[in-house]
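Working notes, structure below.
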Amino acid sequence: MGLDCRIDAMSARTAAAASGACAFFLVGVVTSLAQGVPPWDSRCDARGCSHSRALSESATLRRIATVSVLTEAQATGATLAVALPLGLALEPGVQFVLGDTVWPAPFKVCFPDGCSAAITLDEAMLAQLLSAPDIAVRYFAFNDGRAIMIDAPLGGLAEAVASRRP
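Plus 803 on top of the position in the sequence shown (first one is 1) and you've got this note's numbering.
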């Protein structure tokens, strides 16, 4: 029997790592509760901006993922990244799912508290992301290969990106 992990969105200070250990026990789909979603945590400097939102289990408030969009000062696209807990299969990577569109993303690095995957978005992909109400993040458990899916609400992201372009 799997553990039902429902998640709420919480603002994140960085996209460097995610903590928590739900990956070993998750079965099927992890869903997000979009009610009361806080704003994106946006941080900018001369090089660009980082817009992050942490996703947590509602029962424990343990962070299980951080979704980030990184924009550069002189670029029209962006980088879409996710930090996930340990206990996941590295080889299949992550899949960002927007409706019928699937963007595969390889894992870039793992730290003691989690692994990060990222992809580069061109201008058209960024526009598609910013117009979507949410994005699903699919990854796979290491112990049994089952797909784990997290729905991340994107509400407010377009406004955060537009207002914080360096």
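The beta-carbon is built from N, C-alpha and C at its ideal position, and this holds for glycine as well.
Mark residue i as exposed unless 16 or more other C-beta atoms lie within 10 angstroms of its C-beta, in which case mark it buried.
| i | result |
| --- | --- |
| residue 887 | buried |
| residue 869 | buried |
| residue 881 | buried |
| residue 894 | exposed |
| residue 965 | exposed |
| residue 883 | buried |
| residue 908 | buried |
By DSSP, does residue i sit in helix, in strand, or in coil?
| i | result |
| --- | --- |
| residue 894 | coil |
| residue 864 | coil |
| residue 873 | strand |
| residue 952 | strand |
| residue 899 | strand |
| residue 916 | coil |
Using alpha carbons as the reference points, say which of the options lies closest to residue i.
| i | options | result |
| --- | --- | --- |
| residue 856 | 941, 899, 867 | 867 |
| residue 875 | 956, 936, 942, 849 | 849 |
| residue 845 | 858, 954, 864, 873 | 873 |
| residue 937 | 885, 956, 894, 897 | 956 |
| residue 860 | 909, 877, 908, 953 | 953 |
| residue 897 | 852, 941, 847 | 941 |
| residue 935 | 852, 900, 847 | 900 |
| residue 877 | 851, 885, 862, 847 | 851 |
| residue 871 | 939, 847, 865, 854 | 854 |
Could you give the first and the last residue of the continuous alpha helix (DSSP H) run that contains residue i?
| i | result |
| --- | --- |
| residue 963 | 960 to 966 |
| residue 957 | Neither: residue 957 is in no alpha helix (DSSP H) and is coded neither H nor E. |
| residue 927 | 926 to 934 |
Name the two residues that bound the continuous beta strand (DSSP E) containing residue i.
| i | result |
| --- | --- |
| residue 887 | 881 to 887 |
| residue 859 | 851 to 860 |
| residue 906 | 904 to 908 |
| residue 844 | 844 to 848 |
| residue 937 | 937 to 943 |
Under a CB-based cut-off of 8 Å, is residue i close to chain B?
| i | result |
| --- | --- |
| residue 859 | Among the protein chains of the structure shown there is no chain B, as only one such chain exists. |
contact_flag[the stretch 907 to 924, the stretch 945 to 955] where n(CB pairs < 8 Å) is 3 or more: no
Three-pair Cβ contact test at 8 Å for the stretch 906 to 922 versus the stretch 954 to 964: no
Stretch-stretch touch, CB-based, cutoff 8 Å, three pairs: the stretch 875 to 892 with the stretch 900 to 916: yes
Segment contact, 8 Å Cβ cut-off, at least three pairs: the stretch 895 to 907 with the stretch 928 to 936: yes
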